[in-house]
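Engineer: Before anything else, here's the structure in question.
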Amino acid sequence: MIEQAKRLDSVKEYYFSSKLREVRAMAAAGKDIINLGIGSPDLAPPPQVISALNEALVNTGAHQYQPYKGTADFRNAIAEFYQNHYQVSLDAETEILPLMGSKEGITHVSMAFLNEGDEVLIPNPGYPTYSSVTELVGAKAVYYDLTAEGNWLPNLEELAKKDLSKVKLMWVNYPHMPTGASANESLFEELVTFAKTHNILIVNDNPYSFILNEHPKSILKAEGAKDMVLELNSLSKSFNMAGWRIGMLCGSERNLNTVLKVKTNMDSGMFYPLQAGAAAALRLNEDWFSDLNKIYQSRKEKVLELAEALECEPEKDQTGMFVWAKVPQGTNAEAFVDFLLNKYHIFTAPGFIFGSNGEAYIRFSLCASQENIERAIKRIKQ
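For the sequence shown, full-length UniProt numbering assigns the number 1 to the initial residue and increments by one for each residue that follows.
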């Protein structure tokens, strides 16, 4: 029997991968499961995107290998998008690297910059992939606390008191998942100063900035950010294109060229029609986000009603496509999630999967129809 690589010894299967097998088994057994656990948009992409995709399918060369750095038109669309929505100027030739989903970028960045034994600052709570990829490449995860009392923002003064001599990379994620907290521009400026002071590469993972958020921000707007900061972004949430696997990495030419060394050995370019569709999405005006957020706002109001019925306490001023809520005092969040699934056939995400600071919380997704959320409320109230 061939043994698995040692690098997998400390890496667990992604929670949703295993839990959804249980959910699917229940559904196959005839249970009517209402899924409020996964952040996979259930709404359709913009019609203009589908048209652009279809038109590109018959273009000469559409089915050949594409440039590793993406087509010029796609990169130009990304640059236009950053200028129009974030007021950030990017060189489309040197400061933008398209990705097959921003999750790919987490691995590419880690492989490009981390050596075995390097330390990585990871938010607690935070996206579990930051930790698992850190372990896969042989680096060491060092967690920094985010708390409700601190508005789920990093305390950089406290971090600066620690031994950061081995820290090479820091993950930040604003708007934050799972808590929905937003960063202000002063935090981004402080993060850039922190990065320069301690010689740390900061990566902001920014896929949620247009969902129920009136003021989208990019860390790259902070003065002097590009040399010490990379930003991941994605079309998955903002344009309902999760299955397309399209994202981007933005920053200095030097840092992107380092990542490109990894990427060119991992894929052979993105399918041309996908890039054409993505470019069309990025050039839509703000009416798209306004209409999308009306739907999410209606759903959020219903999820808040559901949380109240469950005696959960949602965090205030949340953005993004989730509702982060504290479970009733004295309740174990994992047991609470299992209780909801087994008794009411409602699936939510337990906060512990995002880190120890999430153990008293659950996360509701807004990626379910208002009808299904209302059905969930009805089940609880009955």
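Cβ coordinates follow ideal geometry from the N, Cα and C atoms, glycine included.
1. State the DSSP-derived secondary structure class of Asn155, mapped to helix, strand or coil.
2. If you count every other CB in all the chains shown that lies within 10 Å of the CB of Asn155, and 16 or more means buried, which is it?
3. Give me the Cα-Cα distance between Asn204 and His215, rounded to the nearest whole angstrom.
4. From the DSSP output, which residues share a beta bridge with Ile78?
5. Between Gly358 and the rest of its own chain, which residues show a CB-CB distance below 7 Å, the 5 nearest in sequence each way excluded?
6. For Val11, does the three-state DSSP call read helix, strand or coil?
7. For Asp145, which beta-bridge partners are listed by DSSP?
8. Would you please state the rounded distance, in angstroms, between the beta carbons of Ala360 and Ala333? I believe it to be under 8 Å.
9. Taking C-alpha atoms, which residue in Arg299, Ala44, Met270, Asp287 lies nearest to Gly61?
10. I need the boundaries of the alpha helix (DSSP H) containing Val111, first residue and last residue.
11. Beta-carbon of Gly138 versus every beta-carbon of chain D: anything under 8 Å?
12. Once the 5 residues before and after Thr258 are set aside, which same chain residues still bring their CB inside 8 Å of it?
13. Quick test of the definition: if touching needs 3 or more C-beta pairs under 8 Å, does the region 7-22 touch the region 135-142?
14. Residue 387 to Lys31, Cα distance in whole Å?
15. To the nearest angstrom, how far is the alpha carbon of Val120 from that of Ala25?
16. What's the gap between the Cα of Phe322 and the Cα of Met1?
17. For Glu210, tell me which candidate among Pro175, Pro46, Glu311 has the shortest Cα-Cα distance.
18. When you compare the CB positions of Glu116 and Ala139, do they come within less than 8 Å of one another, or not?
19. According to DSSP, is Ala325 part of a helix, a strand, or is it coil?
Structural biologist: Taking the definition as stated:
1. coil
2. exposed
3. 16 Å
4. The partner list for Ile78 (beta bridge, DSSP) is empty, contrary to what the question assumes.
5. Pro125, Pro178, Gly351, Phe352
6. coil
7. Asn124
8. 6 Å
9. Met270
10. Reading off the sequence shown, one finds Met at residue 111, where the question assumed Val. Taken as a continuous stretch (DSSP letters only), the alpha helix (DSSP H) holding Met111 covers 102-113.
11. Among the chains of the structure shown, chain D does not appear; only one protein chain is present.
12. Ala112, Phe113
13. yes
14. Summary: the structure shown does not reach residue 387, with the chain confined to residues 1 through 382, and so no result is reported for it.
15. 37 Å
16. 43 Å
17. Glu is not the amino acid found at residue 210; the sequence shown has Phe there. Nearest C-alpha to Phe210: Pro175.
18. yes
19. strand
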